[in-house]
Every structure is written in structure tokens, then in C-alpha cells.
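In my numbering, the protein residues as written are 365 to 1212. Where is the CB? At the ideal position from N, CA and C, for every residue including glycine. What follows is a short report on a single structure.
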């Protein structure tokens, strides 16, 4: 009766953990009205490397007294050209101009600005630009949303006119350039947008000259700024094909000496271009437009070094790392995919010859040295992703040859991790390497998340702030590696406890992982938490043995849906500026714009599917598992039969990674990152379980038992057939097809192979007596019927007690059932004939 309530209790526990992780939001500064006027000064291409006391003295002094940050200038097209950056600034969402681009760089703006009355201006192309963004681009941006939210706005320069033009093309106040005394113009409206020029060039001297000219205009602007005003200086765009981080400075009341951040980035010192529009409206105390901005209002937080040079050194170092990461990331995953594919192909012949035959005839087994070398290579391949993540703890990007430095550091970490796994206790057991690698992976990624995910920020296997997709928490690769490591670790631990406790162990370990992934303070990935919850429920449902029945699947789906619905309700109750991705999506469904989100997600999934090397890892892993490991000779079915908790963990990993990738808009990238860990370890465990498939145990004298009676299992079932009595020559009795289940042994048995000939010690000919000892000491020995002189099959220290999987391990692996084979050379007399009752006592099987 108690078992009926176990799924419900575990489901409620998972739901409670998921809601706890996802409901709380980290405290940040609250945006509020802070100014009567806002002036946004944009400089296309301005980066922190262009700022110093000699070249840009005005900007330097402004940054000393104000708040600073690194600005991501992502727009609807990449890279962001100046006209796209200005348009995105005015839209508050990712936007793009509807003109063609030159190959290899940004084309001239080509913006037509008409001045019919000498006061304002008009952009005749604005209606076409609005239609292009509304109907042809997936973001649904409305150019001119910022200026539509205030009564009057000023634009100085052609770039500013693009940002300040209303949706129908009208600019309220316009000046082609900044005059010597722009005070009157800046005081005429509450919002002013000023184009200070462009910083570009291939040489440092060219960039310095352009930065000096922009700084001179900034000096005139600051001298004429209105009282109680907020001035924002931003590098609004890139100027070539490379995406970079740019300058962001805020100077005004309440913005003193801090780091800029926003809810859209979730990381101190980072801001998005789309955040500037809601920042301006919030500072003025104006309401947001009906169609909400993608960006979020910026705030200032403390913790900035007192010396500006030291403060600027941090975004400069991050910029250097991010620029180097973009070139290395693709190469790393290509090399990883190719190397794991080649390693899998090379290991396939070993699967065919890994199973050692009990009889005198059979294929020659592979050398132990070769098998050991392949196992070490599989461990090294599985540790590649966590090693590459940990490599970012060393500043390799500061060296003269960053690519080689990264490769050397990663290789050293892989070697060190492989050595740690090799000499760890329990390495010789079937699941020893799998548990060690999974634990190391979960530990590395988990510690990085707990400490702020600094290793993933701009890391080779992390995410780039330049790309503008993510700035904090778990990235795509980190999510795949962490959920695989967490679920495999949960399965490994669950396999070491009695069967009834396995689902509880999985929920306990997996629940901690859900909190780490979903908490806004840590992983900040609600979609990943929902996916992990679904995978965890599947793993817990089948962790105690048996298949994924309809009732178990229903409980798993109910738990995932409960977490999703609870999170959605809590998220929708928050203010719009504080909502997460799920709350924003549901709000978009409510106002009729949810189709744009689905369109963006499907487009991103397709682009990632065809362009990511992780797709190759996922597909190769799936092909290897289905066409090799899951075959009768592959060993994975035998592994699942003997270790049902590992089957549950791998099934849960597959479910979670697929859901997380598809819902997150990254296709098979999460699955590929998980496969980089799971597939090598599944191959290694399959090799080991096949290597032990024909091992035998030494029979010892036990208590007398009537012939034909099996050993009573731990679950209360009786074995069928029993262990045969001694034959005419002192061997096992002929034809015994007994199965012993649930036998516990505190003696570490030693597996031996039966001697050939009439007087050899072995099981009954053609028979297959098996003991499934859940806690027996020693190494697994799995005898298979029909593989020679019969024998006793024992499952190892972690074997399921009395489960159908353990009892059917030989059948699942394609072995024949007891008595199905005829006499084999060297078998005891009477092999293949009906069993003859013997008055002698039965033999008690001790697990090896």
C-alpha cells in the first residue's frame, strides 16, 4: 500500500524544490525617477581601449564620477552597423535598417534626413523601415518607440535622427551638428539624443584621432547640459565585421561611482544597447510603451574600484578574453566532435571481442593493455568539456599565443583528471570510472555556478558577452554537462543503496541540481530547470527497476507541468520589468505577440541545428548507442539489466537534454554537450560488463536444501530449478537451470573459470544458476547460458535484488537460456540431458 503513494510523494517533493528554486528573485537596485532631463550621447565604435586621460580627458573625468559598464550592441543583424545601432537605441528592441550591406563590412548609412521647416526633420524611409521590422524580422520592434513615449525629443546629427524619429518619420527638434553653444536646444525637450561621430580605423593613431574629436564634442555637450540631468554616453555599434563590447557611462544624480547593470544581463558591469531606452524613460518617470521593450532599465551597483584605471582594466580584460574566445570556441567543439567520433569507431571492434567465452573455443580476447588504453582515452574524452571550462581559471588569453596556451592548459587538466579517475578507489569496478567522471563534471560546473559563473562568462565552452545572448548563470554547454553529470551521479549513488531507496536518492541529488539550475541567484535558467525536472521525474520513476509505464510517465509529466505552471503564475504576478523569460512569453501570448517568440525560437533552433558542431556530437552519440551499444553484442542492454539505476539516469539525461535544447532555442546543443560525457562513459561501462559476462564463482558448501529448490530472494521470491547436485565426476549436476536471487554474501568471492575435462569444477552443463547480490563484495561476474560449460552467474556489488533486469541479463544480451545448448567439449557427463535429482546438498553461491 505504501508503494502506491511513493510516486505522488516524490512528485510533490520535486515540485516543491523546483518552485523554491524558481520563485525567488535576486535583489537589485530599484529603478526610479532620477532626472528632469536625459541626454544620450552616442559614439559608434567607441571601446574602452580608446579611453585614457590623455586622449579623452572629458570622458575620463565623467567616468570617474559616474557609473561605467561594458555595452553589448546586439541588434537584429550581426554585426551591428551604425545605422542598426541607432535604430535599436530608439526602438528599445532588436531592430535593423532595411538596406543592403556590403560584403566585409558596414555600408554607408545612406539615411536621408529632410528639413522642411528648419525646426524638426523627417525621414522619408521610416515607414518602410517600420514595416521591415514588424513584418520581416522576428523581433517585432517598433522603431521610434522611445520618442513616442515622450512629448518632445531633440536629435543632433544623422545617427541621432534615426534613433529619435517617430514611427511615421517625424523628428521633433533637429540640428545637423552640435553647435558651439547647444544649451538652448538641449533645454527645449526632456529627451535629447546626440551623435558625437564614429571611432574607427585600422591603426591606433586613426582611432585615437577619432576618439579625440568625439571627446571635444562631449565637452561642449556637458558644458551646456540642463540642470538635474542624466547624461548617458554609449558606443552604439560596431564599425566592422567583428562584434565587440563598447563603452557605457552614466553621469547624474544617483549614478555615482558604480557599475552599470540591468535585469536583462543579470551581471554587474554589463549592459545591453536595448536597455538605454527603458533607462531613459525610467529616469524621467515616464511609463513604458504599450508594446514593452526587450531591454530593462539600468541601475547602478557598488563594488567598483576607487581608481578608474583599475576599474577599466576589468572590462578591457573581459573584452580581450571574449574576442579570443570567439575564434577558439568553434575549433574546440569541432576537434572534440571529430575526436570522439574517431574514438567511438575505433572502440567498436572491442565490443565484438570484449565478451570472454567460458568454453575452450572462441575469438581471441583483446589484450588487456589495449583495453586499458582505450578506457583511459574514453575517460579523457568525457573530461574534455569540464577541463576546458576549468582552463578559464588560468588567464591564457593574455599570452602571446592564446590558442596554444588554452590547448596546453586544457590538455594538462584532462591528463590530471584522467589520472585522478584512474587511481580513485573503485576504479576497477564496472561503474567506477563512470561515477568518478560524472561526479567531477557536476562538481566543476556546480562550483562555477555557485561562485558566479565567471568561468563560463566569455569562456571557450561558456557564452560570450559580445554575442549578447547570455551574461550570467548556466550557458548551453554548461547546462548539458551539468544535467548529465548530476543525473549520472544520482544514478551511481542510487545503485549503491537498496532498491526501495533508489528513487528517493535520485530525487535528493536531482533536487539539488534543479535548485542550482533554476535559481535566479545561481544558474538563472528556468527552462533548464523545467527540463531537468522532467528528466529527474523519468529517472526516479524507473530508478527502482521496471520499465517506463504509462502511470510512471503520467507522474513525470505532472511534476514537470506543475513546476512550469507554478513558475508561470509566480512570474506573471511580478512587475513587467522583473519578469523572467517564461513570464514574458506568457504575457506576450496574452497581448497577441507570442507568435513572434515562437518564430524566433524555431528560427534559432534551425540555425543552430545546421551550424553547430555539437549537433554532430549528438547525432553520432545517438547512432552509436542505437546501432552498436543497444545491440545484443553491444553490452548496454546487459548494463541496464544489471544496473537499472544507470538505465534510469541515462534515460532522464536524454529527456532533459532534448527538452532543454528545443525550448531554449538551441536545438541539439544541450544534447550534444550531454552526449560528450554520457556516450564515452556508456561505452566504457559496456566494455567492462561484457568483459565480466563469462566469469564464474567458486562454489562453497551451504546449508542442505532439497533438490530443485532455489535460494529465496530478498524480495521473497523463490528461485526456479535450484543448483544441480554433483555429477559423476565431481562437477556440477547436469542440466540444472536454477536461478538464485537475492543472496547476500560478506565474503569476497574470487571468480575462476571452470577447468576443462570431466573432473573440472563448474556449474551444471548447459545450466545457468545466477545469484543477484545487491551488496555482495567483489567484482561482478555474469555467467551466460549457452556459452560453454554452464555455470553460476553473479551480479556485482551494485546489482538489483530480485529485479527482472538482473534475472534476465543474459537473455537481454542475446545469451541462450538454460539447457538450450547441447553438450560442449569439456562439459560434465550428462550435459544436455534432463536433470537427475541428487541427494547431496545444494551449493551456496558467493558473489564475486
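Cβ neighbours of residue 929 in the same chain (closer than 7 Å, five flanking residues each side left out): Taking the chain shown and counting its residues from 1, the one referred to as residue 929 is at position 565. Within its own chain, no residue has a Cβ closer than 7 Å to the Cβ of residue 929 once the five positions on either side in sequence are excluded.
Inter-residue spacing [alpha-carbon to alpha-carbon] between residue 435 and residue 589: Position 71 of the chain shown holds residue 435. Position 225 of the chain shown holds residue 589. Their backbone Cα atoms lie some 23 Å apart in a straight line.
Suppose you measure from the CA of residue 498 to the CA of residue 524; what does that come to, to the nearest Å? For the purposes of this step, residue 498 is taken as the residue at position 134 of the chain shown. For the purposes of this step, residue 524 is taken as the residue at position 160 of the chain shown. In a straight line, the C-alpha of residue 498 is about 21 Å away from that of residue 524.
Three or more C-beta pairs below 8 Å linking the stretch 765 to 783 and the stretch 743 to 751: Touching, yes, given that three or more Cβ pairs across the two stretches are closer than 8 Å.
Bounding residues of the beta strand (DSSP E) (the contiguous stretch that carries residue 561): Residue numbering aside, residue 561 sits at position 197 when the chain shown is read from its first letter. First-last of the beta strand (DSSP E) with residue 561: 555 to 562.
Do residue 517 and residue 557 count as a contact pair if the criterion is CB distance below 8 Å? As a working mapping, residue 557 is identified with position 193 in the chain shown. As a working mapping, residue 517 is identified with position 153 in the chain shown. Yes, the pair counts as a contact, with Cβ atoms nearer than the cut-off.
For residue 615, write down the residues that DSSP places opposite it in a beta bridge. Within the chain shown, numbered from 1, the residue matching residue 615 stands at position 251. Secondary-structure assignment with DSSP links residue 615 through a beta bridge to 595.
Using CA atoms only, rank isn't needed, just tell me which of 507, 579, 853 is closest to residue 1016. Here residue 1016 corresponds to residue number 652 of the chain shown, with the count starting at 1. Out of 507, 579, 853, 853 has the C-alpha closest to the C-alpha of residue 1016.
Starting from residue 990, follow the alpha helix (DSSP H) in both directions and report where the run begins and ends. Numbered from its first residue, the chain shown carries residue 990 at position 626. Where residue 990 is concerned, there is no enclosing alpha helix (DSSP H), given that its DSSP letter is neither H nor E.
Write down the C-beta distance between residue 559 and residue 502 rounded to the nearest angstrom, noting that I regard them as a contact closer than 8 Å. Stepping through the chain shown from its first residue, residue 559 is reached at position 195. Stepping through the chain shown from its first residue, residue 502 is reached at position 138. Beta-carbon to beta-carbon, residue 559 and residue 502 are separated by about 28 Å, too far to satisfy the 8 Å threshold.
Can you tell me whether DSSP reads residue 820 as helix, strand or coil? Sequence index remark: in the chain shown, residue 820 carries index 456 (1-based). Note: residue 820 maps to coil in three-state DSSP.
Thinking residue 866 and residue 908 are a contact (beta carbons under 8 Å), I'd like their distance in whole angstroms, please. If you number the chain shown from 1, residue 866 lands on position 502. If you number the chain shown from 1, residue 908 lands on position 544. Confirmed, about 5 Å.
Considering residue 761, what are the terminal residues of the alpha helix (DSSP H) in which it resides? Here residue 761 is taken as the residue at index 397 of the chain shown, counted from 1. Where residue 761 is concerned, there is no enclosing alpha helix (DSSP H), given that its DSSP letter is neither H nor E.
Taking the alpha carbon of residue 798 as the reference point, which residue from 968, 1043, 987, 402 has its own alpha carbon closest? One-based indexing of the chain shown puts residue 798 at position 434. Distance check between residue 798 and each of 968, 1043, 987, 402 places 1043 closest, using alpha-carbon atoms only.
For the alpha helix (DSSP H) that residue 771 lies in, which residues bound it at each end? Position 407 of the chain shown, counted from the first residue, corresponds to residue 771. Taken as a continuous stretch (DSSP letters only), the alpha helix (DSSP H) holding residue 771 covers 766 to 786.
For residue 494 versus residue 487, is the C-beta distance shorter than 8 Å? Taking the chain shown and counting its residues from 1, one reaches residue 494 at position 130. Taking the chain shown and counting its residues from 1, one reaches residue 487 at position 123. No, Cβ-Cβ distance for residue 494 and residue 487 is not below 8 Å.
Strand pairing of residue 406, partner residues [DSSP]: The sequence position of residue 406 within the chain shown is 42, counting from 1. Answer is 559, 598, bridged to residue 406.
Measuring straight from C-alpha to C-alpha, what distance separates residue 921 and residue 1027? As a first step, residue 921 must be located in the chain shown, where it is residue number 557. As a first step, residue 1027 must be located in the chain shown, where it is residue number 663. Roughly 16 Å separates the two Cα atoms.
Contact check, residue 602 vs residue 437, beta carbons under 8 Å: The residue labelled residue 602 in the question sits at position 238 within the chain shown. The residue labelled residue 437 in the question sits at position 73 within the chain shown. When the beta-carbon positions are compared, residue 602 and residue 437 come within less than 8 Å of each other.
Chain-order list of residues whose beta-carbon lies under 6 Å from that of residue 562 (same chain, five-residue window excluded): The residue you call residue 562 lines up with position 198 of the chain shown. Cβ within range, chain order: 408, 409.
To the nearest angstrom, report how far apart residue 678 and residue 969 are at their CA atoms. Taking the chain shown and counting its residues from 1, one reaches residue 678 at position 314. Taking the chain shown and counting its residues from 1, one reaches residue 969 at position 605. Their backbone Cα atoms lie some 34 Å apart in a straight line.
Inter-stretch contact at 8 Å, needing at least 3 Cβ pairs: the stretch 810 to 819 / the stretch 593 to 608: Counting Cβ pairs under 8 Å, fewer than three are found: no touch.
On a Cα-Cα basis, can you pick out the residue from 396, 611, 736 that is closest to residue 427? In the chain shown, residue 427 corresponds to position 63, counting from 1. Closest by alpha carbon: 611.
If we require 4 or more residues per run, which alpha helix (DSSP H) segments fall completely within the stretch 433 to 484? Uninterrupted alpha helix (DSSP H) stretches at least 4 residues long and entirely within the stretch 433 to 484 occur at 446 to 455, given in chain order.
Contact check, residue 1035 vs residue 1050, beta carbons under 8 Å: Position 671 of the chain shown, counting from 1, holds the residue named residue 1035. Position 686 of the chain shown, counting from 1, holds the residue named residue 1050. No.
Using C-beta distances below 8 Å, list every residue in its chain close to residue 964, excluding the 5 sequence neighbours before and after it, in chain order. If you number the chain shown from 1, residue 964 lands on position 600. Apart from the 5 residues on each side of it in sequence, residue 964 sits with its Cβ closer than 8 Å to the Cβ of 502, 503, 1029 in its chain, given in chain order.
Locate the beta strand (DSSP E) running through residue 730, then write down its first and last residues. Within the chain shown, the letter at position 366 stands for residue 730. Judged by DSSP secondary structure, residue 730 falls outside any beta strand (DSSP E); it is assigned neither H nor E.
Return the CA-CA distance between residue 555 and residue 597, expressed in angstroms with no decimal places. Residue mapping note: residue 555 aligns to position 191 of the chain shown, counting from 1. Residue mapping note: residue 597 aligns to position 233 of the chain shown, counting from 1. If you take the alpha carbons of residue 555 and residue 597, they lie about 14 Å apart.
Does the beta-carbon distance from residue 572 to residue 419 come in below 8 Å? Translated into the one-based positions of the chain shown, residue 572 becomes position 208. Translated into the one-based positions of the chain shown, residue 419 becomes position 55. Yes; because the gap between Cβ atoms is below 8 Å, this pair is in contact.
Taking the continuous alpha helix (DSSP H) assigned at residue 714, which residues delimit it? As a first step, residue 714 is located in the chain shown; it is residue number 350 there, counting from the start. Segment 672 to 718, the alpha helix (DSSP H) holding residue 714.
Using 8 Å as the threshold, is the stretch 879 to 889 in touch with the stretch 840 to 860, meaning 3 or more CB pairs across them? Taking 8 Å as the limit for Cβ pairs, the verdict is that the stretch 840 to 860 does touch the stretch 879 to 889.
Under DSSP, the beta strand (DSSP E) around residue 625 begins and ends at which residues? The residue you call residue 625 lines up with position 261 of the chain shown. Here the beta strand (DSSP E) through residue 625 covers 623 to 626.
Is it buried or exposed for residue 768, if we count other Cβ within 10 angstroms and need 16 for buried? Within the chain shown, residue 768 is the residue found at index 404, counting from 1. Exposed is the call here.
Coil, strand or helix - residue 401 by DSSP: The residue labelled residue 401 in the question sits at position 37 within the chain shown. DSSP places residue 401 in strand when its eight states are reduced to three.
Which residue spans inside the stretch 835 to 922 form an unbroken alpha helix (DSSP H) run of at least 4? Taking only runs of at least 4 residues, the alpha helix (DSSP H) segments lying wholly in the stretch 835 to 922 are 840 to 858, 866 to 882, 890 to 906.
Express the C-alpha separation of residue 661 and residue 353 in angstroms, rounding to a whole number. The shown model of the chain, from 365 to 1212, leaves out residue 353, and the question about it has no answer.
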